[in-house]
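**Student:** Take this structure first; my questions come after.
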Amino acid sequence: MNDRLLRALRREPVDRTPVWFMRQAGRSLPKYRASRAERGMFELLRDPEAAAAITTLPLEYFPVDAVVLYNDLVTPFFAAGFEVELRPGEGPVVLQPIEAARDVERLKPFDPRVALDWALAQIRLLVQRLDVPVIGFVGAPLTLCSYLVAGGRVHDLAKLKAFMWREPEAWQRLASFWAEHLAEFAIAQHEAGAAAVQVFDSWAGALAPEDYERHVLPYVARMFERLRAAGVPSIHFYTGNPALLPLVAAAGGDAVSVDWRIPIDRAWELIGEDRAIQGNLDPAALLAGRDYAVARTREILERVNRRPGHIFNLGHGVLPETDPAVLRAVVETVHSF
Numbered sequence: 395m396n397d398r399l400l401r402a403l404r405r406e407p408v409d410r411t412p413v414w415f416m417r418q419a420g421r422s423l424p425k426y427r428a429s430r431a432e433r434g435m436f437e438l439l440r441d442p443e444a445a446a447a448i449t450t451l452p453l454e455y456f457p458v459d460a461v462v463l464y465n466d467l468v469t470p471f472f473a474a475g476f477e478v479e480l481r482p483g484e485g486p487v488v489l490q491p492i493e494a495a496r497d498v499e500r501l502k503p504f505d506p507r508v509a510l511d512w513a514l515a516q517i518r519l520l521v522q523r524l525d526v527p528v529i530g531f532v533g534a535p536l537t538l539c540s541y542l543v544a545g546g547r548v549h550d551l552a553k554l555k556a557f558m559w560r561e562p563e564a565w566q567r568l569a570s571f572w573a574e575h576l577a578e579f580a581i582a583q584h585e586a587g588a589a590a591v592q593v594f595d596s597w598a599g600a601l602a603p604e605d606y607e608r609h610v611l612p613y614v615a616r617m618f619e620r621l622r623a624a625g626v627p628s629i630h631f632y633t634g635n636p637a638l639l640p641l642v643a644a645a646g647g648d649a650v651s652v653d654w655r656i657p658i659d660r661a662w663e664l665i666g667e668d669r670a671i672q673g674n675l676d677p678a679a680l681l682a683g684r685d686y687a688v689a690r691t692r693e694i695l696e697r698v699n700r701r702p703g704h705i706f707n708l709g710h711g712v713l714p715e716t717d718p719a720v721l722r723a724v725v726e727t728v729h730s731f
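Okay, so the sequence shown: first residue is 395 according to my numbering, each after it adds one.
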């Protein structure tokens, strides 16, 4: 079994830097586009065999050191009693979003081992078939709630921030619900065979540090404490304002995944030497062609200087227009450095 990822999470020496990509099994791959042309994403997700086949697709194009579960952050909404549609150009849309404090009462408690059993079945299939680790994932409370309150994908979090400030008690109930259920889902993924779990807080960077510390950090910290107690290796994914990185690190995670808005060596100083780090190539660099992407990859590796605890990744997901051959060149560059 390829254990580079787990060794890096423990900040142990590795023979070569582990590398994987968020959205590596996505629209940049021709075979994935063919699968989506035939069936919708939510239908594919609930078919463990079909989903497992998609999860392993990247290995046909480039030799990454891990695969990541084919799933979507919003699927727990179905388990909690909310309907979601996937609309072209919009992404997931919550049909009856949370608009007032009373709407929080509509949340239905659920057991992820029952309500989301198809995701766990996919993991069990993958670990039987692969010699690279499987990474599971969940959203963080803020990011999940941003969809629930706004009704869809947003970047400025205006509606969520207004709700958080206007209805602090309702926000506490909402964030606590998701902290509990998402932590349990992450633990269930590890029990099913996921080697590590990444917690996505994709929109936390839209907050001021004081709002993150007051309204978000306690719930994320609760999640990571649950994962630590259960022995689940974890990655804390964050993008946006680098000023929040010390607070993000304080919230927890064996590694913090950072984006391109800060040099990776500086980011490591901010999160602390007791954490591993993941990142941090700009996904747009892959669109500039092989030579440019390889050069920027080398710059990141040189900044890290083979320090134990680095997992190479992008600062966000692979863009649909990305050429898989460029991704392969990046993987080969990382492995040969």
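All C-beta atoms in this analysis are idealised placements derived from N, C-alpha and C, irrespective of residue type, glycine included.
Using only the alpha-carbon positions, how far apart do A589 and V712 sit?
**Tutor:** As a first step, residue 589 must be located in the sequence shown, where it is residue number 195. As a first step, residue 712 must be located in the sequence shown, where it is residue number 318. The alpha-carbon atoms of A589 and V712 are separated by roughly 22 angstroms.
**Student:** In the structure shown, what three-state DSSP assignment does V458 receive?
**Tutor:** Numbered from its first residue, the sequence shown carries residue 458 at position 64. When secondary structure is reduced to three states using DSSP, V458 falls in the coil class, being assigned neither helix nor strand.
**Student:** Can you tell me which of A402, F456, A513, W414 puts its alpha carbon nearest to the alpha carbon of A445?
**Tutor:** For the purposes of this step, residue 445 is taken as the residue at position 51 of the sequence shown. The shortest Cα separation from A445 among A402, F456, A513, W414 belongs to A513.
**Student:** Can you round the beta-carbon distance between Q418 and P452 to whole angstroms, since I take them to be within the 8 angstroms contact cut?
**Tutor:** The sequence position of residue 418 within the sequence shown is 24, counting from 1. The sequence position of residue 452 within the sequence shown is 58, counting from 1. About 4 angstroms separates the Cβ atoms of Q418 and P452, confirming a contact at the 8 angstroms cut-off.
**Student:** Are the Cβ atoms of G420 and P714 separated by less than 8 angstroms?
**Tutor:** To locate residue 420, count along the sequence shown from 1; it is residue 26. To locate residue 714, count along the sequence shown from 1; it is residue 320. For G420 and P714, yes; Cβs fall inside 8 angstroms.
**Student:** Do C539 and L576 have their C-beta atoms closer together than 8 angstroms?
**Tutor:** The residue you call residue 539 lines up with position 145 of the sequence shown. The residue you call residue 576 lines up with position 182 of the sequence shown. C539 is not a Cβ neighbour of L576, given a cutoff of 8 angstroms.
**Student:** Excluding the 5 residues preceding and the 5 following P486 in the sequence, name in chain order all residues of the same chain whose CB lies nearer than 6 angstroms to its CB.
**Tutor:** Numbered from its first residue, the sequence shown carries residue 486 at position 92. Here the set comprises V468, V478, L480.
**Student:** To the nearest angstrom, how far is it from the Cα of G599 to the Cα of E561?
**Tutor:** The residue you call residue 599 lines up with position 205 of the sequence shown. The residue you call residue 561 lines up with position 167 of the sequence shown. Looking at the two C-alpha atoms, the distance is approximately 21 angstroms.
**Student:** If you drop the 5 nearest sequence neighbours on each side, which residues of the same chain put their C-beta closer than 7 angstroms to that of E619?
**Tutor:** Locating residue 619 in the sequence shown gives position 225, counting from the first residue. Excluding positions up to five away in sequence, the list reads G646.
**Student:** Measuring only the C-alpha atoms, how far is W597 from R655?
**Tutor:** Taking the sequence shown and counting its residues from 1, the one referred to as residue 597 is at position 203. Taking the sequence shown and counting its residues from 1, the one referred to as residue 655 is at position 261. Between W597 and R655, the C-alpha separation is close to 14 angstroms.
**Student:** Tell me, to the nearest whole angstrom, how far the beta carbon of L463 is from that of F415; I am working on the premise that it is less than 8 angstroms.
**Tutor:** The residue you call residue 463 lines up with position 69 of the sequence shown. The residue you call residue 415 lines up with position 21 of the sequence shown. At roughly 14 angstroms, the Cβ-Cβ gap does not stay under 8 angstroms, so L463 and F415 are not in contact.
**Student:** Look at the Cβ atom of G703, then the Cβ atom of D653, and state whether they are nearer than 8 angstroms.
**Tutor:** Position 309 of the sequence shown holds residue 703. Position 259 of the sequence shown holds residue 653. With contacts defined by Cβ atoms closer than 8 angstroms, G703 and D653 do not form a contacting pair.
**Student:** To the nearest angstrom, how far is it from the Cα of A582 to the Cα of V521?
**Tutor:** Position 188 of the sequence shown, counting from 1, holds the residue named residue 582. Position 127 of the sequence shown, counting from 1, holds the residue named residue 521. Going by the C-alpha atoms only, they are around 14 angstroms apart.
**Student:** Report all residues from its chain with a CB closer than 7 angstroms to the CB of L536; omit the five preceding and five following residues, and keep chain order.
**Tutor:** Here residue 536 refers to the residue found at position 142 when the sequence shown is read from its first residue. Result list for L536: D595, W597, A598, V610, in chain order.
**Student:** Could I get the ranges of all uninterrupted alpha helix (DSSP H) runs contained in the stretch 469 to 555, with 4 residues as the minimum, in chain order?
**Tutor:** 470 to 473, 506 to 509, 511 to 523, 535 to 544
**Student:** Report the rounded CA-to-CA distance for R697 versus L721, giving the unit in angstroms.
**Tutor:** Locating residue 697 in the sequence shown gives position 303, where the first residue counts as 1. Locating residue 721 in the sequence shown gives position 327, where the first residue counts as 1. Their Cα atoms are separated by approximately 20 angstroms.
**Student:** Classify H630 as helix, strand or coil using the three-state DSSP reduction.
**Tutor:** In the sequence shown, residue 630 corresponds to position 236, counting from 1. In the structure shown, H630 adopts extended strand secondary structure according to DSSP, grouped into three states.
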